[in-house]
Amino acid sequence: MTDDSVQSAKSALSKIRNIGITAHIDAGKTTTTERMLYYTGMSHRIGEVHDGNTTTDYMAQERERGITITSAAVTCEWNDNRINIIDTPGHIDFNIEVNRSLRVLDGAIFVIEGVAGVQPQSETNWRLADRYNVPRIIFINKLDRVGADFYYAFSTLKEKLDIVAIPLQLPIGAEDKMVGVVDLVEMRAIVWEGDELGANFHYEEIPADMKEKAEEAHQNLLDTALAADNEAMEEYFEKGEVPLATLKRAIKKGTISGEFRPVMCGTAFKNKGVQPLLDAVIDYLPAPDEVEGIRIAPPEDEEVDEDFLPIIPVEPEGKFAGLAFKIISDKYGTLTFVRVYRGVLNTGDTVLNTTNGKKERVGRMFQMHADKRQEVKSVGAGDIAAFVGLKDTVTGDTLADPADPVILERMQFPVPVIDISVEPRTKAAVEKMTLALQKLTAEDPSLQLRTDHETGQTILSGMGELHLDIIVDRLRREYNVDANIGAPQVAYRETITQAHTETYTHKKQSGGSGQFAEVKIKFEPSEEKDQIIFENKIVGGAVPKEYIPAVEKGIRNQASTGVMAGFETVDFKFTLEDGKYHDVDSSALAFEIAAKACFREGMKKASPVILEPIMDVEITTPNDHVGDVVGDLNRRRGIIQNQEVMGSTVLIRSQVPLKEMFGYISHLRSATKGRASFTMQFHHYDPVPRNVAEEIMADRR
């Protein structure tokens, strides 16, 4: 690239914002996104979640259920800037969509409900954003609702998220009398008027009864923002005042560094507060080249401190590098969503998938507007686009110029905790179902597909009942696969609690060359969670090195069927200590068979246990039902963590085995006359009590 073209590309980069909108379910994420699209001219009507006609919730299941399931990408323009928005789900079953979206975004809007304040899924998403150092703005929404309280919701930010939150606005009026906001940056009131869907508003003096509070909040904003910007602080000391541009620069600097989190407010449903929120996205969230960039992944077999990994800055010059963060299969084929970090890519170019070593040709590229698409001929650093033509790329893969084959930091995916069996109703549908499930699991890495070795059934594992319900619905609607679906089952696991060393000899002679292999393997618990660790301690050629991989393969394959109840065995280490071989009769197959048998015998003597998923459960219930709810949780083997009184309701935090939570929503509604609600997410695996283990094993016989 020439100097002029580089400068032009950098100028264009400064006018891009890649943001996500995330929140607890029903806090108003999709409604806020719809208003943004309307005010930026991207849509000519405002879609409503309750009407099932929103732009970003375009799947049939989303429109029917009124929830966001996938992260939809939309592009819009605001004040000569391009904003790529990803509207993410609020339901915990679809948390992977939030995870992989935050992974590739430069900023985020956290929508907080004005009545409840910070809710559990917001806390979870906040921690994910912390992991990826995503700068964020907070929008306290639904301030028109009965019981809405900006100041209470604001107080939960410090209490639940442990952050320094600074209001940039204060609401004017409360509940159905909310008419606008006080702008604490420019010290003026913004008031919406008429019924023009929020398009008309005007500026006026701050109401007299709010002036003192506004002055105090403005001074607090000044003090906090200037502390994040030394140059702005010096300018303030020299001149005794802070120019507007300087204050905005200081707010942006503090937002990007995370020293504080700016807070906006409004009611998206009543069309108040969204235009200033769009302004804040441009003013305070970073352009792609204003953030750290992305780290290069270390080799898989090396443990490297993350802080010492090299970083690729977002820049238009240099060899192309991008990250595939989402796969969608539709009637037109497979779309691979890619965030570009470096360089430029043109239609028809060939890229190297550095994760699997395969080259891919990019057929066409699109900018997406939910399920509508606009073809583009090239994409550059900072862009998010959908590629067509990639056959061997999955979520989390790096795409790079073959001349500079970097691998970008890998994505982390949650552990599925619930299983269903999926069986085609006719033999003719077997291949059709297999292909459909392969496509669905390629789209969603939190789905896992396997075959139960004991029953031969196809098992689909996911994050929750709703997650799997949606997948089954898509299987039937989109792929026309009619299948028998088993009842949801807990995804149990097995592990060992003591060390044991087992020697096993495999010997078979049936005329001609036979089979011979002997292995001595030590099995022991491992502190490395969700991993199986192998160590080879063979010396002197007791087992020839060409047979060592067969031993490892045999153990890893056999670990999929545990010795207690046939569940996957995890969190253990096995060490090949000794063995014997025969010059003629030994083979890789013989050592693999010996290793499998050694596993079956040895693990029985290492004090095996069954593990069950333990869920974090949060229940909000009226005061007069607390005793019944707590008593019921105790009967479900739950452990109460704490209780928090919130006016006339109580928030009960507990940890409960997933097995005990099937059908809980119906029971809770009945016990509290429909007045209580709950959220649930996976926390950890724990050994089951002996009596429960016996029940599980009896059911598996």
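Mapping the sequence shown onto the numbering used here, position 382 (from 1) lands on 378, and the numbers just tick up by one. Yeah, the Cβ is synthetic: ideal placement off N, Cα and C, and Gly gets one too. In this text, all values refer to a predicted model and were calculated from it rather than measured experimentally.
Looking at the DSSP output, I606 bridges to E490. When the alpha-carbon of Y475 is set against those of A382, E427, D440, the nearest one is in E427.
Note on geometry: alpha-carbon atoms of T501 and A593 lie some 9 Å from one another. The alpha-carbon of F233 is positioned some 17 Å away from that of I247.
Burial is judged here by how many other beta carbons sit within 10 angstroms of a residue's own beta carbon; A483 has fewer than 16 and is exposed. The beta-bridge partner set that DSSP reports for N77 consists of W74. According to the DSSP assignment, Q677 belongs to the beta strand (DSSP E) that extends over 673 to 683. Per DSSP, the unbroken beta strand (DSSP E) holding Q511 starts and ends at 511 to 521. Looking at the DSSP output, N342 shares a beta bridge with S374.
By the neighbour-count criterion, in which a residue is buried when 16 or more other Cβ atoms sit within 10 angstroms of its Cβ, H463 is buried. Residue pairing by DSSP puts K322 in a beta bridge opposite F333. By the Cβ neighbour-count rule, T18 is buried, with 16 or more other Cβ atoms within 10 Å of its own. Residue burial is scored here from C-beta neighbours: T28 has at least 16 other C-beta atoms within 10 angstroms and is therefore classed as buried. Proximity to S417 across V384, S10, R360, Q485 peaks at Q485, based on C-alpha coordinates. In this structure, A185 and I168 form a Cβ contact; the two beta carbons are roughly 6 Å apart against a cut-off of 8 Å. Scanning the stretch 593 to 654 from its first residue to its last, the whole beta strand (DSSP E) runs of 3-plus residues come out as 604 to 618, 635 to 642, 645 to 653. S457 is bridged by DSSP to D415, Q444. Here the stretch 404 to 412 makes no contact with the stretch 359 to 378; the two share fewer than three CB pairs at distances below 8 Å. Annotated as proximal: L98 and A125, with beta-carbon spacing under 8 Å. Residue environment for Q363: buried (at least 16 other C-beta atoms within 10 angstroms of its C-beta).
With the rule of 3 Cβ pairs closer than 8 Å, the stretch 137 to 151 counts as touching the stretch 102 to 121. Inter-residue distance for F512 and T499 is about 14 Å (C-alpha atoms, whole angstroms).
Cα atoms of Q639 and Y148: separation of roughly 18 Å, rounded to the nearest angstrom. By the criterion of a C-beta distance shorter than 7 Å, V580 is surrounded in its chain by S509, once the five residues flanking it on both sides are discounted. The closest CA to that of I528, considering only V539, E490, T497, P540, is found on E490.
Residue pairing from DSSP places F530 in a beta bridge opposite F570. Assignment of E356 by DSSP, reduced to helix, strand and coil, places it in the strand class. Residue environment analysis places P239 among the exposed positions, since fewer than 16 neighbouring C-beta atoms fall within 10 angstroms of its C-beta.
Taking every protein chain shown into account, the CB of S253 has fewer than 16 other CB atoms within 10 angstroms, so this residue is exposed. Distance from the Cα of H20 is smallest, within the candidate group E30, V160, N137, S10, for N137. Inter-residue distance for D695 and E419 is about 20 Å (C-alpha atoms, whole angstroms). Remark: fewer than three beta-carbon pairs, one from each stretch, lie closer than 8 Å, so the stretch 629 to 647 and the stretch 572 to 588 are not flagged as touching.
Q271 counts as buried, since no fewer than 16 other beta carbons sit within 10 angstroms of its beta carbon.
With contacts defined by Cβ atoms closer than 8 Å, I134 and Y280 do not form a contacting pair. The straight-line gap separating the alpha-carbon atoms of A546 and K600 is approximately 22 Å. The bridge partners DSSP lists for I247 come to none.
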